[in-house]
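Beneath this line is the structure, given in C-alpha cells, with notes to follow.
Laid out in C-alpha cells, this is it:
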C-alpha cells in the first residue's frame, strides 16, 4: 500500500513535483520543483522507475537533482553537528520511504488542493 | 475549492463587464478566499501542532512532529516524519523528546537523535545497545520561517 503524506506547501510558489507509487511499486515522478535549504528550490525531472524489494528510500540528490533509490535513508537536508552548527548534506530531501510493506510518499499540497 | 487565484482586475471607466469577468474576479476569488479561510480552521491558520512566534504569518514558527520507531535489540534504527507544513527559507531541528512504550523490560542504554531534517520532514535515529526490544515515539521540534 502507498500512504501519501500531505504537506501544506501553499506558500511554496513553484509548481511542486508530484510523486506516485502504484501497486506494482512503479515510482513515477511528474516534473516540478522541490524546496531546498535557504530560498533555493530544485528542479525534479519526470521519471519512471521500478522499485526493487530492497529499496527503502527515495532520495532527491543535490548533485544533478536526480532521483536516487537506496536500501537506507541517506543523509539529506541539514544535519545537526551540535553547538548550533549544521552541515549541508549531499541529498536535498527524502521523498519517500518504506515502512514494513507500505511506502510513504511526501506530497506537497499547493493552491487549495484537497 | 477553486484551484486558482486570479489577480483582481483593475477596472477602467466605461468598461463593459461580462458575466465571465465577474465570475472570475469576484465569484471565483471569493470562493478561493472562503475555502482557504475554512481550510485553515482558525483565524491564525495553524494546525494543532504548529505554533506561531509572532502575530504575522510569514514570520518564524515552531512545529512539533513525531515519528515512531521500534528496536529489536542492539542496532541502529531509523524513523521518518513529515512536517504538517513545509517551512520557508529556513528550518532547524531544535530539540526532541522520547515517549517510550517498552515491550521488553531489558531495553536500556538507548540513544535517540535527529539524523537529518529538511523543509518537509526529518529523520530520527535510535541507537539501541541495551539488547532488548522497545518501541517509542520520538518528538521533534522544527523551527523556521513560515513562508
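Residue numbers (this note's numbering), protein chains in the order written: chain E, 3 to 116; chain W, 911 to 1057. We put the CB at the ideal spot given by N, CA and C, even for glycine.
Simplified DSSP assignment, three categories, for residue i
i	result
residue 76 of chain E	coil
residue 951 of chain W	Residue placement at residue 951 of chain W is poorly supported in this model, since its pLDDT is 49, which falls under 50; the coordinates still yield a value, given next. If DSSP states are grouped into helix, strand and coil, residue 951 of chain W belongs with coil.
residue 24 of chain E	coil
residue 940 of chain W	helix
residue 1042 of chain W	coil
residue 996 of chain W	coil
residue 930 of chain W	helix
residue 1022 of chain W	strand
residue 18 of chain E	strand
residue 42 of chain E	coil
residue 59 of chain E	strand
residue 945 of chain W	helix
residue 30 of chain E	strand
Residue i versus the options, residue with shortest Cα-Cα distance
i	options	result
residue 58 of chain E	E:5, E:106, E:9 and E:111	E:106
residue 80 of chain E	E:6, E:12, E:39 and E:13	E:39
residue 73 of chain E	E:50, E:99 and E:21	E:99
residue 936 of chain W	W:946, W:918 and W:923	W:918
residue 30 of chain E	E:78, E:88, E:94 and E:70	E:70
residue 1052 of chain W	W:940, W:922, W:942 and W:970	W:970
residue 49 of chain E	E:3, E:110, E:41 and E:23	E:23
residue 975 of chain W	W:930, W:1027 and W:939	W:1027
residue 985 of chain W	W:1045, W:1039 and W:941	W:1039
residue 85 of chain E	W:925, W:939, W:931 and W:1002	W:1002
Beta-carbon gap between residue i and residue j smaller than 8 Å
i	j	result
residue 35 of chain E	residue 8 of chain E	no
residue 104 of chain E	residue 996 of chain W	no
residue 62 of chain E	residue 28 of chain E	no
residue 1020 of chain W	residue 983 of chain W	no
residue 88 of chain E	residue 64 of chain E	no
CB-CB length for residue i against residue j, believed under 8 Å
i	j	result
residue 37 of chain E	residue 928 of chain W	Wrong, their Cβ atoms sit about 39 Å apart, outside the cutoff.
residue 95 of chain E	residue 78 of chain E	6 Å
residue 1072 of chain W	residue 1055 of chain W	Any question about residue 1072 of chain W goes unanswered here, given that chain W covers just 911 to 1057.
residue 1034 of chain W	residue 979 of chain W	7 Å
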